[in-house]
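Engineer:
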Amino acid sequence: MSIPATYSALDLAGSFALTSPTSDIAVPLTLPGDVHAALLAADKIPDPYYGENEKQVMWVNETAWSVERSFSASAADIDGYLTLTLAEVDCIATISLNGEVVAETQNSFLRNDIDVTGKVRAGDNTLRIDFAIAPDVAKARADAHPFPIPFTKNYQTNGLKGIHMNFIRKAACHAGWDWGICIMPIGVYGTMSLRKSRLARQESVQVDQAHGSNSVELSIKTRLFAFAHGEVELEHTIDGQTITDKVVVNKGENVVTHNLTIKNPKLWWPAGQGEQPLYELVTNLEGEKTTRQIGLRKLEWIVEPDEIDHTFKCRINGRDISMLGANWIPADAIPSRITPDVIRDLLGSAKAANMNMLRIWGGGQYEPDYFYEMCDELGILLWHDFMFACMSYPSDRPFLDNVRAEITQQVRRLSHHASIALWCGDNEVIGSLSWYPETKAAPERYVANYDRLNSMLGNIVEDEDPARRFWPSSPSMGYLDFSDGWHADTRGDTHYWDVWHSAKSFEAYRTVNPRFASEFGFQSFTSMNIIETFAEPKDRNPSSPVMENHQRNDGGNARILETMTRYFRFPRDFDQMVFLSQIQQGLAIKTAIEYWRSTKPRCMGTLFWQINDIWPVASWSSLDYGGQWKLLQYMAKRFFLPVNVVAVPVHDDVQTNSRGTPVEGAEPTSIVLRAINDTGAPTSIALDVRAVKIGGGDRVVFSGNCAVGPDAAIEVSKLAAADLAADEFLFFSWRDAKGNLLGENDYFPKPYKAYELVSPTITSAWSDRDGQPVLTLSSDKPALFVTATVDLPGYFSDNAITLLPGRTTELVFTPRHGATVSSTDLAKSLKVRNLAETF
Ligand code: BMA
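Under UniProt numbering, residues 1 to 839 are what the sequence shown spells out, in order.
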């Protein structure tokens, strides 16, 4: 049966006129898009990311703006019920159609479906959006609130007056963060269209899965909004099965559920664990066709008592799988720059670095549909915060009503995605109760205030997406547990920040044993070629005003430099310092993740802070703004290897902490090598361990085969620390049964500054293999953190590697953004550096 196509959509995206009631600026603006991009294109503002220009563009968000366009509708476009859909209006605005106000928007996270039936003419029409000054509205609301609700002023550096982001629904980091510029964008993003329906429109389609032994029952819940009572035809098609239904609808919202069975289902697995087959579900409501990709997987969170306290692990299709990845922030401070190409590139880099989970952090935003579709395709699971972070929020009725609509709609929009693993109430809101004088002075009031919002969020998930776990906050120790999630490590998820924010040594990571480490990070400078995009040569100094502006964490540059003096000899110049900052960042996170992974099954998740940057800045990210790989991203690819071998120093003869793990500052007596197998199959590795003299020469200290069971971490070798001479380090490599090299790793018992590094001569040669450029590197002396860079976008298969004489290493180059490059192109800009250059 075919359904008559009575639905149509008129795309309203395109060129608008941008004006302001308080300035004489009149420039074109492309929507979806934002005001800053339009002003930049018209040369009305300088590049906000350059130098200290942030201050020069601050007036933009302190100005009221209007956008207007005319559009033409045909008689056929309007002979039905009409919906004006504006997916994301950022943020507080009045929408007018032909001079009549049709909506007021309050919440950039809420899709606006505005009934404009009878308000559109055949012929010319005018759509106008008047944006209020969001910071002023926020302040007025905060002033009118019966008690103070403090906001994260400390992140809004740069001498700004501060914006009450907790009183408006917009990405909190739009006002700046400890890695973010304050842009406070204004605009409209996502779909903009005039939709015509005969009687009803689609609101959402949700798909629940019940997994049987060799079948999956799908329950497809469709929400329709009907403009009047009547009957509509609804059709779903998936896996060659079609359900067609005549549905009687009443005016308003209607819910229809259909069930069907998929036999012999092809299961969806996270990246690295199997394929990501996707079943296409096409929903057709009288010509309004939508498509969703459904991945079939059973996903559970196992939070139950164990001998330690409580487990915290993700079980997928019956297997407890370690979650490996990082935290995600919005991809750009100028929203119109966030495109599918940008997102695909960043998510592709996550997968290429062996990640299987990202955490969408609560100070950012719900992402566009294509983001989740790409995660489904790539096998990247998402820990999804709701958008609340680092401060208290109001809990009055209008605020809660607004948030209820937002969360309900977002959950309904996204719940069908295989990639979404968990809904989390917020980022660090519980912890923030102890950060502000106001909240500290009246903890009962702010805890009660918190719980009103947080319990509402939990109830919405229970009602709207019952198959998914709601976790109250990150970090959290569990339900209605408002205790410290920064240091307790026996249950729940942990944010461990003592190394960065409290300047503890890297070894301190080995003094905690999280069940699931959802945040921990260490900063580096952004790469030199990125610094060159915002800093003149005269400003390339860590304490220049420009470099300080591109560091938003108080004392951040000092922390980076001071750490260098602890572990390295101080670098000779700025360029070397930038390089070294990325080496030490990688080492910090490697120390944490290798150790925590080795405690499996105690620890079942490590998500470092953070994968991406929102603008060019010194930060905790592993990718530069624009997606280039910093050294941490390369090291992540190695420390997230599914079959990995790591060194853990232990202290056999000193008092250890309660779990028998090292004590910070104590000299290790042994070095234990642990093998980690995150695959579902037993594996056998041939391990070769050598003691290598820093100036050259090595000896075998262990060689043998080790069997490691599925999903396990075990000790495979132990040697006395005293067996290593003062000038030796450990280098180990492991191979599969066929002799293929699976990985290489090393361990330096002393800080690098204690070794007399020799200057190696590194030889490089290019070749092309199967259309891919290959760089072969070899060295006459041990060379550390050997890093190849080229000026073309792409990444090598490995970098920041240890090269030993007599061992060549091949690095395969993968261009980004689908480009094609040859080794001849790459050879022109090749640079190969190593640690000894910085000494
Ligand atoms: C975390 C995050 C962010 C912040 C980061 C670095 O806890 O949740 O708030 O950017 O720390 O300080």
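Don't be surprised by glycine CBs; every beta carbon is placed ideally from N, CA and C. Keep in mind the model is a prediction, meaning the values are calculated, not measured.
Rounding to the nearest angstrom, what Cα-Cα distance links R659 and G818 in this structure?
Structural biologist: Position 659 of the sequence shown, counted from the start, is the residue given in the question as residue 659. Position 818 of the sequence shown, counted from the start, is the residue given in the question as residue 818. For R659, the predicted model reports a pLDDT of 48, less than 50, meaning its position is unreliable; a value from the coordinates is still stated below. Their backbone Cα atoms lie some 48 Å apart in a straight line.
Engineer: Count the other C-beta atoms from every protein chain shown that fall within 10 angstroms of the C-beta of R344, then say buried if there are 16 or more, exposed otherwise.
Structural biologist: Counting from 1 along the sequence shown, the entry for residue 344 is found at position 344. Under this definition R344 is a buried residue.
Engineer: Check the DSSP bridge columns for S778 and list the partner residues they point to.
Structural biologist: In the sequence shown, residue 778 corresponds to position 778, counting from 1. S778 pairs with T763.
Engineer: At the level of alpha carbons, what is the spacing between M577 and S66?
Structural biologist: On the sequence shown, position 577 is the one that residue 577 refers to. On the sequence shown, position 66 is the one that residue 66 refers to. M577 and S66 have their C-alpha atoms some 46 Å from each other.
Engineer: Verify whether the separation of the beta carbon atoms of K590 and F639 is less than 7 Å.
Structural biologist: Position 590 of the sequence shown, counting from 1, holds the residue named residue 590. Position 639 of the sequence shown, counting from 1, holds the residue named residue 639. Their beta carbons are under 7 Å apart, which means K590 touches F639 by this criterion.
Engineer: When we look at the beta-carbon of F147 and count the other beta-carbons within 10 Å, is it buried (16 or more) or exposed?
Structural biologist: Locating residue 147 in the sequence shown gives position 147, where the first residue counts as 1. Under this definition F147 is an exposed residue.
Engineer: Leaving out five residues on either side along the sequence, give the residues of the same chain with a beta carbon under 6 Å from the beta carbon of V672.
Structural biologist: Looking up residue 672 in the sequence shown gives position 672. When the five nearest sequence neighbours on each side are left out, the beta carbons in the same chain lying within less than 6 Å of the beta carbon of V672 are those of V648, V650, E715 and K718, in order along the chain.
Engineer: Answer yes or no: do I95 and I129 have a C-beta to C-beta separation smaller than 7 Å?
Structural biologist: Locating residue 95 in the sequence shown gives position 95, where the first residue counts as 1. Locating residue 129 in the sequence shown gives position 129, where the first residue counts as 1. Against a cut-off of 7 Å, the Cβ pair of I129 and I95 comes out as a contact.
Engineer: Once you ignore the five residues that flank D620 on each side, which residues in its own chain have a CB closer than 6 Å to its CB?
Structural biologist: Reading the sequence shown from its first residue, position 620 is the one you call residue 620. Asp is not the amino acid found at residue 620; the sequence shown has Trp there. Around W620: G521, Q523, W609 and Q610.
Engineer: Say the cut is 6 Å; is the CB of N677 nearer than that to a heavy atom of the ligand NAP?
Structural biologist: With respect to small molecules bound, the structure shown includes the ligand BMA and not the ligand NAP.
Engineer: Within 10 angstroms of the Cβ of T838, are there 16 or more other Cβ atoms? Answer buried if so, exposed if not.
Structural biologist: In the sequence shown, counting from the first residue as 1, residue 838 sits at position 838. By the neighbour-count rule (16 or more Cβ atoms within 10 Å), T838 is buried.
Engineer: So, with DSSP's three-state summary, where would you put R659?
Structural biologist: Mapped onto the sequence shown, residue 659 falls at position 659. No answer about R659 holds up, because its pLDDT of 48 lies below 50 and its placement is not dependable.
Engineer: What residue ranges within the segment 30-103 form continuous beta strand (DSSP E) runs of no fewer than 3 residues, ordered along the chain?
Structural biologist: 65-73, 81-90 and 93-97
Engineer: Within the chosen definition, does the segment 206-223 reach the segment 175-194 through at least 3 CB pairs nearer than 8 Å?
Structural biologist: no
Engineer: Should the segment 502-515 be regarded as contacting the segment 333-353, the criterion being three or more beta carbon pairs within less than 8 Å?
Structural biologist: no
Engineer: Would a C-beta distance cut-off of 7 Å place L453 and S395 closer than the cut-off?
Structural biologist: Within the sequence shown, numbered from 1, the residue matching residue 453 stands at position 453. Within the sequence shown, numbered from 1, the residue matching residue 395 stands at position 395. It is a contact, given that the beta carbons lie within the stated cut-off.
Engineer: Can you tell me whether S759 is buried or exposed, with buried defined as 16 or more other CB within 10 angstroms of its CB?
Structural biologist: For this step, residue 759 is matched to residue 759 along the sequence shown. Classification for S759: exposed.
Engineer: Is the number of C-beta pairs between the segment 479-493 and the segment 554-568 that are closer than 8 Å three or more?
Structural biologist: no
Engineer: Measuring only the C-alpha atoms, how far is E756 from F579?
Structural biologist: One-based indexing of the sequence shown puts residue 756 at position 756. One-based indexing of the sequence shown puts residue 579 at position 579. For E756 and F579, the distance between alpha carbons rounds to 19 Å.
Engineer: Mind checking which residues open and close the alpha helix (DSSP H) that includes M577?
Structural biologist: Taking the sequence shown and counting its residues from 1, the one referred to as residue 577 is at position 577. Unbroken alpha helix (DSSP H) run through M577: F574 to S598.
Engineer: Any idea what DSSP makes of G458, helix, strand or coil?
Structural biologist: Along the sequence shown, read from residue 1 onward, the residue named residue 458 stands at position 458. For G458, the three-state secondary structure derived from DSSP is helix.
Engineer: Between which residues of its own chain and D751 is the CB-CB distance below 6 Å, once the five residues before and five after are set aside?
Structural biologist: Residue numbering aside, residue 751 sits at position 751 when the sequence shown is read from its first letter. Correcting the residue type first, residue 751 is Pro in the shown sequence and not Asp. Y567.
Engineer: Write down the C-beta distance between I133 and A64 rounded to the nearest angstrom, noting that I regard them as a contact closer than 8 Å.
Structural biologist: Translated into the one-based positions of the sequence shown, residue 133 becomes position 133. Translated into the one-based positions of the sequence shown, residue 64 becomes position 64. Going by Cβ atoms, the distance from I133 to A64 rounds to 5 Å, so yes, they are a contact pair.
Engineer: Of the residues F109, A200 and A144, which one's Cα is nearest the Cα of A83?
Structural biologist: As a working note, residue 83 is residue 83 in the sequence shown. The question names Ala, yet the displayed sequence has Thr at residue 83. Checking every option, the nearest Cα to that of T83 belongs to A200.
Engineer: Hey, how far is the Cα of D239 from the Cα of P21?
Structural biologist: If you number the sequence shown from 1, residue 239 lands on position 239. If you number the sequence shown from 1, residue 21 lands on position 21. Distance from the CA of D239 to the CA of P21, rounded to the nearest whole angstrom, comes to 54 Å.
Engineer: Count the other C-beta atoms from every protein chain shown that fall within 10 angstroms of the C-beta of T824, then say buried if there are 16 or more, exposed otherwise.
Structural biologist: As a working mapping, residue 824 is identified with position 824 in the sequence shown. T824 comes out exposed.
Engineer: Identify the continuous beta strand (DSSP E) that holds S215 and give its terminal residues.
Structural biologist: As a position in the sequence shown, residue 215 is number 215, starting the count at 1. Counted as a single uninterrupted DSSP element, the beta strand (DSSP E) harbouring S215 occupies residues S215 to A226.
Engineer: Measuring only the C-alpha atoms, how far is I3 from E286?
Structural biologist: The residue labelled residue 3 in the question sits at position 3 within the sequence shown. The residue labelled residue 286 in the question sits at position 286 within the sequence shown. At I3, the pLDDT of 49 sits below 50, so the modelled position is not reliable; the number obtained from the coordinates is stated separately. If I take the Cα positions, the gap works out to 6 Å.
Engineer: Apply the 10 Å Cβ neighbour rule to P668 and answer buried if 16 or more other Cβ atoms are within range, or exposed otherwise.
Structural biologist: Your numbering for residue 668 matches position 668 in the sequence shown. Its Cβ being crowded by 16 or more others within 10 Å, P668 is buried.
Engineer: Could you pull the DSSP bridge partners for G743 from this structure?
Structural biologist: Numbered from 1 along the sequence shown, position 743 holds the residue referred to as residue 743. Its beta-bridge partners are W734.
Engineer: Using only the heavy atoms of the ligand BMA, determine whether one of them is closer than 6 Å to the beta carbon of L178.
Structural biologist: As a working note, residue 178 is residue 178 in the sequence shown. One detail in the question is off: residue 178 reads as Asp in this sequence, not Leu. D178: yes, Cβ under 6 Å from the ligand BMA.
Engineer: Could you pull out every residue in the same chain whose Cβ sits closer than 6 Å to the Cβ of R540, ignoring the five residues on either side in sequence?
Structural biologist: Along the sequence shown, read from residue 1 onward, the residue named residue 540 stands at position 540. These residues qualify, in order along the chain: F574.
Engineer: Between Q241 and A418, what straight-line distance do the alpha-carbon atoms span, to the nearest angstrom?
Structural biologist: Sequence index remark: in the sequence shown, residue 241 carries index 241 (1-based). Sequence index remark: in the sequence shown, residue 418 carries index 418 (1-based). Near 20 Å, if we compare the C-alpha coordinates of A418 and Q241.
Engineer: Tell me, please, which residues DSSP counts as bridged to S23.
Structural biologist: For the purposes of this step, residue 23 is identified with residue 23 of the sequence shown, where counting begins at 1. Partner(s): S20.
Engineer: Output the boundary residues of the alpha helix (DSSP H) element that contains F520.
Structural biologist: The residue you call residue 520 lines up with position 520 of the sequence shown. Segment: none, F520 is in no alpha helix (DSSP H) and carries neither H nor E.
Engineer: Would you mind working out which of L234, G274 and G252 sits nearest T283, comparing C-alpha positions?
Structural biologist: Mapped onto the sequence shown, residue 283 falls at position 283. Ranking the options by Cα distance to T283, first place goes to L234.
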